[in-house]
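Just so you know, we're using the numbering used here here: the sequence shown kicks off at 114 and counts up by one.
Read through the structure below, which is laid out as structure tokens, and then see the notes.
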Amino acid sequence: MSSHVSPADPADGPAPSLYERKATGLVRSISLRSSVFFNVTTVGVMWSVLALTQIAGAFSDANPLVTAVIACVLCLFPVLLYGVFTAAIPRSGGDYVWVGRTFHPWVGLAVNANATTWFVLANGFLAFLVAQDALPTAFATLGTAFGSDTIAGWSVTISQKGWTFAIGVAVLLGAGLLAATVSMRRAMKVNAVFFFVTVAGLLVAILALLFSDRGDFVSGVAQAGGSYDAIVAAGQAAGFGSGDYSLWASLLAIPPLYLALAYTVAGAYTGGEVRTPRRTGILGPLIASLLVGAMVIVAFALCSRVIGFEFIGSASHLSGSGDPGYTLGQGASFFYFVTLVTHSKIVLTILAIAYFAAPISTILATALFATRNLFAWSFDRMLPEKVAEVSPRTGTPVVTPIIVTVVSILYLIFLVWGSPTFSAAFGAIILGTTISFIVTAIAAIAFPFRRRSLYASSAVRGKIAGLPAITLVGGFALAVYLFVFYSLVSQDALGVNNSTGFIATAIVLTISLVFYPIAYAINKSRGVDLALVGRELPPE
Numbered sequence: 114m115s116s117h118v119s120p121a122d123p124a125d126g127p128a129p130s131l132y133e134r135k136a137t138g139l140v141r142s143i144s145l146r147s148s149v150f151f152n153v154t155t156v157g158v159m160w161s162v163l164a165l166t167q168i169a170g171a172f173s174d175a176n177p178l179v180t181a182v183i184a185c186v187l188c189l190f191p192v193l194l195y196g197v198f199t200a201a202i203p204r205s206g207g208d209y210v211w212v213g214r215t216f217h218p219w220v221g222l223a224v225n226a227n228a229t230t231w232f233v234l235a236n237g238f239l240a241f242l243v244a245q246d247a248l249p250t251a252f253a254t255l256g257t258a259f260g261s262d263t264i265a266g267w268s269v270t271i272s273q274k275g276w277t278f279a280i281g282v283a284v285l286l287g288a289g290l291l292a293a294t295v296s297m298r299r300a301m302k303v304n305a306v307f308f309f310v311t312v313a314g315l316l317v318a319i320l321a322l323l324f325s326d327r328g329d330f331v332s333g334v335a336q337a338g339g340s341y342d343a344i345v346a347a348g349q350a351a352g353f354g355s356g357d358y359s360l361w362a363s364l365l366a367i368p369p370l371y372l373a374l375a376y377t378v379a380g381a382y383t384g385g386e387v388r389t390p391r392r393t394g395i396l397g398p399l400i401a402s403l404l405v406g407a408m409v410i411v412a413f414a415l416c417s418r419v420i421g422f423e424f425i426g427s428a429s430h431l432s433g434s435g436d437p438g439y440t441l442g443q444g445a446s447f448f449y450f451v452t453l454v455t456h457s458k459i460v461l462t463i464l465a466i467a468y469f470a471a472p473i474s475t476i477l478a479t480a481l482f483a484t485r486n487l488f489a490w491s492f493d494r495m496l497p498e499k500v501a502e503v504s505p506r507t508g509t510p511v512v513t514p515i516i517v518t519v520v521s522i523l524y525l526i527f528l529v530w531g532s533p534t535f536s537a538a539f540g541a542i543i544l545g546t547t548i549s550f551i552v553t554a555i556a557a558i559a560f561p562f563r564r565r566s567l568y569a570s571s572a573v574r575g576k577i578a579g580l581p582a583i584t585l586v587g588g589f590a591l592a593v594y595l596f597v598f599y600s601l602v603s604q605d606a607l608g609v610n611n612s613t614g615f616i617a618t619a620i621v622l623t624i625s626l627v628f629y630p631i632a633y634a635i636n637k638s639r640g641v642d643l644a645l646v647g648r649e650l651p652p653e
């Protein structure tokens with residue numbers, strides 16, 4: 114790769130060379146198509162529609178379809194923010210580099226370390242859910258499809274702690290091994306397979322609903338041992354499924370979908386490996402968010418027609434609270450409801466495979482981009498330089514995948530054998546990462562004014578109404594982030610504004626803030642001034 118190092122702004126003073134190596138060793142191999150696939154699988158598109166039951170069950174006066182449409186529009190601004198910043202500074206580490214070079218390395222490291230910690234913990238949580246939700250649901254679906262009590266019984270067996278840990282470790286080790294031993298080009302091919310499998314699953318679910326009607330679903334509920342009208346009545350008695358919707362409630366219910374639509378920015382953290390960053394960096398996440406959003410909107414619209422939001426809200430609330438008024442065999446979820454309208458073995462098999470593949474696709478994608486964040490820290494000497502070692506054969510980091518995998522497994526251990534608090538604490542992931550996103554949006558607003566020469570030489574120096582385009586995008590994204598933050602801390606229904614969520618957020622944020630002073634002190638004792646990191650961009 115190029116050995117070019119961008120010059121510092123004159124206002125920053127002289128910028129002596131900071132790096133002994135003039136190339137990272139990474140290879141720009143991520144195409145636009147791969148970027149779209151990568152960003153979609155990061156959010157596990159099959160699971161994006163699970164927000165339906167979260168919204169309907171938590172907000173009795175929210176219309177999930179209205180929420181989906183609004184969320185799809187609003188989330189384009191945060192997604193565009195990360196795309197524009199990638200085009201401006203296409204380096205691995207994403208917001209670590211952008212924020213650190215705009216303000217100070219300390220701020221950049223804290224922002225990125227906070228987000229990365231939550232992402233790595235997410236892998237441990239998803240590995241836990243593979244055996245606690247994805248596989249049991251898949252086996253239960255296949256057992257129904259083929260009339261096999263044996264297969265259905267596996268759904269209970271693998272939910273035991275030993276199986277949960279073994280399956281979770283196997284998935285995490287597989288993702289880590291892939292991230293450490295194959296080139297990014299090959300990893301993108303594997304990711305493409307997961308993209309097609311998971312998208313196919315959601316499309317099949319949509320088609321199953323498209324060719325069904327309310328009568329088919331009512332009949333399916335009866336065959337599963339429940340009563341459509343009785344469940345709606347029980348939900349209404351509990352204050353859910355009344356059909357009295359409000360726009361404000363629908364707005365406050367955005368966070369569950371925000372997690373799917375605004376998190377299609379994984380490619381930003383692999384900016385050092387993106388081809389044509391100006392095109393791919395911007396279009397990749399935008400197309401991914403629009404694709405996921407379109408499928409979610411269609412799925413929600415069909416659910417309104419076939420299932421009815423009154424039933425979904427009632428069933429979700431009753432199921433989540435353990436109310437005896439919920440009489441169906443499985444917990445309320447989008448895909449369980451879809452299985453009640455079809456008896457096709459092919460459809461049910463595709464749904465089972467795709468549902469199981471969804472969390473694994475996210476685990477793999479997260480392992481790939483989280484390792485690039487640690488790589489960027491190491492390249493700037495925030496971590497030992499050994500951590501930034503790149504295989505000359507594959508052009509990928511070899512140490513960072515080990516770190517990510519070990520931390521994810523440690524969290525998995527706490528989830529399996531520790532207090533339920535560890536699982537409850539993970540609910541703060543949206544709150545914790547949104548704090549980092551807010552600072553990144555502020556950095557985008559300030560970037561053209563704080564780093565004038567760097568902005569002037571970037572690919573995004575255009576203006577709209579006399580203001581830098583990146584500043585406007587940052588402003589709109591900041592407004593979305595602040596609204597999501599408000600919703601999270603003000604609504605009990607989202608399960609974040611409690612002592613567990615706030616404490617977890619504070620712990621991760623505190624660790625992220627003390628990281629830089631420790632690294633600074635260690636490097637200072639060796640005669641290295643980490644403050645110089647902010648004077649120049651990392652090499653490519």
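C-beta: ideal position from N, C-alpha, C; glycine also.
All values derive from a computational prediction rather than experimental measurement.
Assuming Phe241 contacts Gly281 under a Cβ cut-off of 8 Å, what Cβ separation, rounded to an integer in Å, is found between them?
6 Å
Taking the alpha-carbon of Asn227 as reference, which of Ile463, Asp246, Gly206, Thr215 has the nearest alpha-carbon?
Closest option to Asn227, judged by alpha-carbon separation, among Ile463, Asp246, Gly206, Thr215: Gly206.
Tell me the DSSP secondary structure of Ser491 in three-state form.
helix
Can you say whether Gly384 is buried or exposed, counting buried as having 16 or more other CB atoms within 10 angstroms of its CB?
buried
Reducing DSSP to helix, strand and coil, say where Pro472 ends up.
helix
So, at 7 Å on beta carbons, what are the nonlocal neighbours of Phe469 in its own chain, with the 5 sequence-adjacent residues on each side left out?
Ala247, Leu248, Ala251
Per DSSP, which residues does Leu580 bridge with? Please list them.
Ile577
Evaluate Lys135 with the Cβ neighbour count: other Cβ atoms within 10 Å of its Cβ, from every protein chain shown; 16 or more gives buried, anything less gives exposed.
For Lys135, the pLDDT reaches just 48, beneath the cut-off of 50, and the residue's location in the model is therefore unreliable, although a value from the coordinates is still provided. Answer is exposed; the Cβ neighbour count stays below 16.
Would you mind sorting Leu365 into buried or exposed? The rule is 16 or more other CB atoms within 10 Å of its CB.
Flag for Leu365 reads buried.
Check whether the Cβ atoms of Leu681 and Tyr594 lie closer than 8 Å to each other.
Any property of residue 681 remains undetermined from this structure, which presents the chain solely from 114 to 653.
Are Thr534 and Thr452 close, meaning C-beta to C-beta below 8 Å?
no
What do you get for His430, buried or exposed, if any count of 16 or more other CB atoms within 10 angstroms of its CB means buried?
buried
On the premise that Ala258 lies in contact with Leu461, defined as a C-beta separation below 8 Å, what is that separation, rounded to the nearest angstrom?
4 Å
Going straight from the alpha carbon of Leu477 to that of Val517, what length do you get?
11 Å
Buried or exposed, going by whether 16 or more other CB atoms sit within 10 Å of the CB of Val627?
By the 10 Å Cβ count, Val627 comes out exposed.
If we ignore side chains and look at the alpha-carbon of each, how far apart do Gly289 and Gly339 end up?
43 Å
For Pro203, name the three-state secondary structure that DSSP assigns.
coil
Between Val212, Pro651, Pro191, which has its C-alpha nearest Leu399's C-alpha?
Pro191
Near Ile635, which residues of its chain fall below 6 Å by C-beta distance, leaving aside the five closest residues on each side in sequence?
none
Apply the 10 Å Cβ neighbour rule to Asp493 and answer buried if 16 or more other Cβ atoms are within range, or exposed otherwise.
buried
So that I know if they touch, is there some Cβ in chain B lying closer than 8 Å to that of Gly575?
Going by chain labels, chain B is absent from the structure shown, which holds only one protein chain.
So what does DSSP say about Lys135, is it helix, strand or coil?
With a pLDDT of only 48 at Lys135, under 50, the local geometry of the prediction cannot be trusted, and no value is derived from it.
Roughly how many angstroms separate the alpha carbons of Leu178 and Ile202, rounded to a whole number?
36 Å
If distances are taken between C-alpha atoms only, which option among Met159, Ala428, Gly170, Val212 comes closest to Ala557?
Val212
Can you tell me the Cα-Cα spacing of Ile271 and Thr277, whole angstroms?
Rounded to whole angstroms, Ile271 to Thr277 spans 6 Å at the Cα level.
Excluding the 5 residues preceding and the 5 following Thr263 in the sequence, name in chain order all residues of the same chain whose CB lies nearer than 8 Å to its CB.
Gly256
Considering only the beta carbon of each residue, do Leu607 and Ala171 sit closer than 8 Å?
yes
Near Ala181, what residues of its chain come up, given a Cβ to Cβ distance below 7 Å and the 5 sequence neighbours on each side ignored?
Leu370, Val409, Ile410, Phe413
Looking only at its own chain, which residues have a Cβ that is under 6 Å from the Cβ of Gly444, when we skip the five neighbours before and after it?
Ser432
What's the C-alpha gap between Phe488 and Ile624?
19 Å
Under 7 Å Cβ to Cβ from Lys576, same chain only, skipping five residues before and after it: list those, please.
Ala582
Would you report the Cα separation of Ser417 and Ile631, rounded to the nearest angstrom?
54 Å
Considering only heavy atoms of the ligand HEM, does any lie closer than 7 Å to the CB of Ser474?
Ligands in the displayed structure: none, and consequently the ligand HEM is not present.
Counting only runs that start and end within the segment 134–202, where is the alpha helix (DSSP H) found for 4 or more residues in a row?
145–155, 158–161, 164–171, 177–187, 189–201
Given a threshold of 16 other Cβ atoms within 10 Å of its Cβ, counted over all protein chains shown, does Leu643 qualify as buried or as exposed?
buried
When the Cα of Ala373 is compared with those of Ala401, Gly588, His456, Ala305, which residue comes out closest?
Ala401
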